[in-house]
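Take my numbering: the last position of the sequence shown gets the number 485, and nothing is skipped along the way.
Some notes on the structure that comes next.
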Amino acid sequence: MLTNKRLISLTAILLLAGILTGCSSPAATPATPSATVKPPQLVNLNGAGATFPYPLYSKWFDEYNKLTGVQVNYQSIGSGGGIQQITAGTVDFGASDGVMTDGQVAAAEAAGGPILHIPMTSGAEAIVYNIPGKSSGLKLTPDVLADIYLKKITRWNDPKVVSLNTNMALPDMAIAVVHRSDGSGTTYIFTNYLSKVSPEWKEKVGNANSVNWPGDIGGQGNAGVAGQVAQIPGAIGYVELAYALQNKMPYATLQNASGNYIVPTLAATTKATEGVTLPDDMKVMLTNSTNPDAYPIVGFTWILAYVNQTDKAKGQTLVSFLWWATHDGQQFTEPLGYAKLSSLAVTKAENEILSINYQGQPLLTR
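Okay, structure coming up:
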């Protein structure tokens, strides 16, 4: 069992799986695994990083423990913390929803050699809000969302917001803008999107795991942002969809690049991954898709692992888990609101996993 008190309870996550079962959409079927998933020696793994995929990772770690006896201890501390810890060598793997910067890659390579971004799943970020008496129906365009986070729109009855929501009586209430206070891949995805749709945001704030926010209130992790929005009347924030569903929070319908208003569903998340050119290193962003049916704020989440492992038993355990998660483990994605990896993404992940070695010898073979 995971014991970090800041982590979402596994019970709540499993309940969420029940809520979401039956609402999944078709996705490409991952390739059939052709390598072992059970490590030859029983050792435990330590990881740290992204909160975005934690509901899924928690489920994976539990299922893999039942299958193999391996315990994975994961600190859900944010992508920035995961990058720091894998670079420092204090964990066996990191996790991030934002690609490492050139500087971060250089630091990691100096510490442990080449580092991989291994795709595990993709998910949507919901724009959650707390407008008293309004439990659904809010529509936002890219420019209005950017202006809210730039603090150019500060009240819910601003004419720009009202013009998009003629069927809602929006109150004369201050908008409390909530953002992540920690280094966050969820923030990386969100600011990547805002940088694509707002030249002013790109120039003044930019795209990173941590930025100088124009806005008001910080929350630790996805759970912290969800908690702040739920507690503060007039608040707005961004969280991975699973957190919005678990907390029964209303979320906005966003206009996508094709001009269509889309809610963050599993089907709309999957659409954002279709037709994307996937580089071999898998460092690619999925935001602001041109697919007319895609939700616009979607991203991959990656496990960060060194190519050259220094502990053979731990390395074998790590690659065995990664192989299982990117193959059989994909069955657990959709019930929790995440999208399966496409067959092409699985192939890219396979190539990365098979490159992991100990003293030049592959740790996993077909």
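Using N, Cα and C, we set each Cβ at its ideal position, and we do this for glycine too.
message: Please classify proline 261 as buried or exposed, where buried requires at least 16 neighbouring CB atoms within 10 angstroms.
response: Here residue 261 refers to the residue found at position 142 when the sequence shown is read from its first residue. Buried, by the Cβ-count rule.
- prompt: Contact check, asparagine 375 vs proline 415 under 8 Å by CB: the rounded distance?
  reply: Here the question's residue 375 lines up with position 256 in the sequence shown. Here the question's residue 415 lines up with position 296 in the sequence shown. Going by Cβ atoms, the distance from asparagine 375 to proline 415 rounds to 4 Å, so yes, they are a contact pair.
- prompt: With contact counted as at least three CB pairs below 8 Å, one residue from each stretch, are the region 170-182 and the region 301-315 in contact?
  reply: Counting Cβ pairs under 8 Å, three or more are found: they touch.
query: Count the other CB atoms within 10 Å of the CB of aspartate 211; is the residue buried (16 or more) or exposed (fewer)?
result: Mapped onto the sequence shown, residue 211 falls at position 92. With 16 or more other CB atoms across the displayed protein chains lying within 10 angstroms of its CB, aspartate 211 is buried.
- request: May I have a chain-ordered list of the alpha helix (DSSP H) segments no shorter than 4 residues that lie completely inside the region 249-332?
  value: Listed in chain order, they are 261-268, 278-283, 304-316, 318-323.
query: Do you know offhand how far glutamine 223's Cα is from arginine 274's?
result: As a first step, residue 223 is located in the sequence shown; it is residue number 104 there, counting from the start. As a first step, residue 274 is located in the sequence shown; it is residue number 155 there, counting from the start. Just so you know, the alpha carbons of glutamine 223 and arginine 274 end up roughly 38 Å apart.
task: Please classify isoleucine 202: does DSSP put it in a helix, a strand, or coil?
output: Mapped onto the sequence shown, residue 202 falls at position 83. In the three-state DSSP reduction, isoleucine 202 falls in the helix class (H, G or I).
query: tryptophan 421 bridges to which residues according to DSSP?
result: If you number the sequence shown from 1, residue 421 lands on position 302. Paired residues: Ser215, Pro238.
- prompt: Considering only C-alpha positions, which residue in the set Pro238, Lys178, Phe180 is nearest to leucine 460?
  reply: For the purposes of this step, residue 460 is identified with residue 341 of the sequence shown, where counting begins at 1. If you compare the alpha carbons of Pro238, Lys178, Phe180 with that of leucine 460, the shortest gap goes to Pro238.
- prompt: Is the CB-CB distance between isoleucine 196 and alanine 227 below 9 Å?
  reply: In the sequence shown, the residue the question calls residue 196 occupies position 77. In the sequence shown, the residue the question calls residue 227 occupies position 108. Isoleucine 196 is not a Cβ neighbour of alanine 227, given a cutoff of 9 Å.
query: Are the region 341-358 and the region 240-250 touching by the rule of at least three beta carbon pairs closer than 8 Å?
result: Enough Cβ pairs lie closer than 8 Å, so yes.
With 16 other Cβ atoms within 10 Å as the buried cut-off, status of tyrosine 380: Numbered from its first residue, the sequence shown carries residue 380 at position 261. That one is exposed.
query: Quick one: what's alanine 354 bridged to in DSSP?
result: Walking along the sequence shown from the start, residue 354 turns up at place 235. Alanine 354 pairs with Ala295.
field: alpha helix (DSSP H) segment containing serine 439, residue limits
entry: In the sequence shown, the residue the question calls residue 439 occupies position 320. Serine 439 -> alpha helix (DSSP H) spans 431-445.
- request: Closer than 7 Å by C-beta to lysine 315: which residues in its own chain qualify, once you throw out the five before and the five after it? Chain order, please.
  value: Locating residue 315 in the sequence shown gives position 196, where the first residue counts as 1. Hits under 7 Å: Thr406, Asn407.
message: Using the three-state DSSP reduction, which class does isoleucine 475 fall into: helix, strand or coil?
response: For the purposes of this step, residue 475 is taken as the residue at position 356 of the sequence shown. It is coil, neither helix nor strand.
task: Could you check what DSSP says for leucine 397 in three-state terms: helix, strand or coil?
output: As a working note, residue 397 is residue 278 in the sequence shown. Looking at leucine 397 - three-state DSSP - the assignment turns out to be coil, as it is neither helix nor strand.
query: Helix, strand or coil: how does DSSP classify glycine 208 here?
result: Counted from its first residue, the sequence shown places residue 208 at position 89. Coil, per DSSP.
query: Assuming leucine 289 contacts valine 280 under a Cβ cut-off of 8 Å, what Cβ separation, rounded to an integer in Å, is found between them?
result: The residue you call residue 289 lines up with position 170 of the sequence shown. The residue you call residue 280 lines up with position 161 of the sequence shown. Yes, leucine 289 and valine 280 are in contact; Cβ-Cβ is about 6 Å, under 8 Å.
message: With a threshold of 6 Å on Cβ separation, who are the neighbours of proline 411 within its own chain once the five nearest residues in sequence on each side are excluded?
response: Counting from one through the sequence shown, the residue named residue 411 turns up at place 292. The answer, listed in chain order, is Ser377, Asn379.
message: Three Cβ pairs or more, each shorter than 8 Å: is that satisfied between the region 474-483 and the region 423-433?
response: The region 474-483 is in contact with the region 423-433.
query: With a CB to CB cut of under 6 Å and the five nearest residues on each side skipped, what residues in its chain are close to valine 438?
result: Counting from 1 along the sequence shown, the entry for residue 438 is found at position 319. The residues are Ile472, Ile475, Leu482, Leu483.
Boundaries (first-last residue) of the alpha helix (DSSP H) holding glutamine 194: Locating residue 194 in the sequence shown gives position 75, counting from the first residue. No alpha helix (DSSP H) contains glutamine 194, which is instead part of the beta strand (DSSP E) from 191-195.
- prompt: Which whole-angstrom value is the C-beta distance of tyrosine 362 and alanine 342, which I expect to be below 8 Å?
  reply: Residue 362 sits at position 243 when you count from the first residue of the sequence shown. Residue 342 sits at position 223 when you count from the first residue of the sequence shown. Taking a contact as a CB-CB distance under 8 Å, the pair tyrosine 362 and alanine 342 counts as one, their CB atoms being some 6 Å apart.
message: Which of the three DSSP states is assigned to alanine 391 in this structure?
response: Within the sequence shown, residue 391 is the residue found at index 272, counting from 1. DSSP places alanine 391 within a helical segment (H, G or I) once states are collapsed to three.
- prompt: The alpha helix (DSSP H) spanning threonine 187 covers which residue range?
  reply: As a first step, residue 187 is located in the sequence shown; it is residue number 68 there, counting from the start. Element bounds for threonine 187: 173-187.
- request: Give the straight-line distance between the Cα atoms of valine 465 and histidine 446, rounded to the nearest whole angstrom.
  value: The residue given as residue 465 occupies position 346 in the sequence shown. The residue given as residue 446 occupies position 327 in the sequence shown. If I take the Cα positions, the gap works out to 8 Å.
field: Same chain only: Cβ atoms within 8 Å of leucine 121, ignoring 5 sequence neighbours per side
entry: For the purposes of this step, residue 121 is taken as the residue at position 2 of the sequence shown. With a pLDDT of 37 at leucine 121, under the threshold of 50, the modelled position of that residue is not reliable, and the figure given next carries that caveat. Within the same chain, and ignoring the five residues on either side of leucine 121 in sequence, the residues whose Cβ sits closer than 8 Å to its Cβ are Leu129, Ser177, Phe180, Asn192, Tyr193.
- request: Could you tell me the distance, in whole angstroms, from the CA atom of valine 263 to the CA atom of serine 282?
  value: Here residue 263 refers to the residue found at position 144 of the sequence shown. Here residue 282 refers to the residue found at position 163 of the sequence shown. Rounded to whole angstroms, the separation of the alpha carbons of serine 282 and valine 263 is 11 Å.
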